[in-house]
Amino acid sequence: MRYFMILSAMLLIFSACKEDDPVDPCTNGFLDPGETAPDCGGDCPPCSTTPVSFLTLYVNGVSTSMQNRELDYDGNSWSLQFSNDSLNVQIGYGTTGAIGTYPIDAAGSFLYKNGTQYLGQTEGVYSISDHDVSNNLMSGFFQIKFFRPGFVDTLHITGGQFENFSY
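Numbering of the sequence shown is given in the working numbering, commencing with residue 3 and proceeding in unit increments.
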């Protein structure tokens with residue numbers, strides 16, 4: 003009886019083990035030989051040429067999502083605007099759209115938190131890392147500290163990054 007149970011268990015194990023079905027290299031999530039990006043190019047469907055646009059930032063060390071975001075050029079100066087349910091921010095980028103690092107234009111910058119305006123600004127700097135003028139796309143980084151004069155309430159925006167924002 004004991005041998006019958008062992009033999010039955012072995013047959014069950016070996017019959018359950020079968021060779022896995024082949025994985026399609028165009029859907030496996032890896033950069034396979036011949037592909038130009040994971041799962042596209044080469045023998046797979048062509049890769050998308052649409053640049054991905056995103057915004058990331060931290061407010062007082064907390065990753066914060068912004069539902070509304072826009073890069074604007076009014077013919078004279080640049081500004082990056084973003085907002086969510088409690089924050090409304092505009093950062094003035096001055097008149098240059100050239101790649102480089104610059105101080106944030108205080109006159110063109112503001113922050114409102116739940117309707118309260120933060121008038122003071124320090125440590126404001128932005129970098130333009132890419133500016134594709136033929137497709138009207140810009141990417142870069144920023145940080146700035148907003149405060150309310152006479153209060154200890156400070157909002158420090160760090161780790162700001164925007165990619166492929168159209169204008």
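Where a beta carbon is used, it is the ideal one built from N, C-alpha and C, also for glycine.
Here the structure is a predicted model, which is why all the values come from computation and not from measurement.
Residue i to residue j, Cα distance in whole Å?
i, j, result
"residue 87", "residue 143", "23 angstroms"
"residue 156", "residue 81", "22 angstroms"
"residue 90", "residue 115", "7 angstroms"
"residue 135", "residue 113", "29 angstroms"
Exposed or buried, which one is residue i when buried takes at least 16 other CB atoms within 10 Å?
i, result
"residue 69", "exposed"
"residue 154", "exposed"
"residue 103", "exposed"
"residue 52", "exposed"
Please work out which residues of its chain come closer than 8 angstroms, Cβ to Cβ, to residue i, disregarding the five sequence neighbours upstream and downstream, and give them in chain order.
i, result
"residue 43", "36, 37 and 49"
"residue 33", "39 and 40"
Using beta-carbon positions only, say whether residue i and residue j come within less than 8 angstroms of one another.
i, j, result
"residue 109", "residue 126", "no"
"residue 45", "residue 29", "no"
"residue 107", "residue 96", "yes"
"residue 92", "residue 111", "yes"
With a threshold of 6 angstroms on Cβ separation, who are the neighbours of residue i within its own chain once the five nearest residues in sequence on each side are excluded?
i, result
"residue 132", "141"
Does residue i get closer than 8 angstroms to chain D when you measure Cβ to Cβ?
i, result
"residue 59", "Annotation note: the requested chain D is absent from the structure, which comprises a single protein chain."
If we count Cβ pairs, one from each stretch, closer than 8 angstroms, do we get three or more for the stretch 122-133 versus the stretch 143-152? yes
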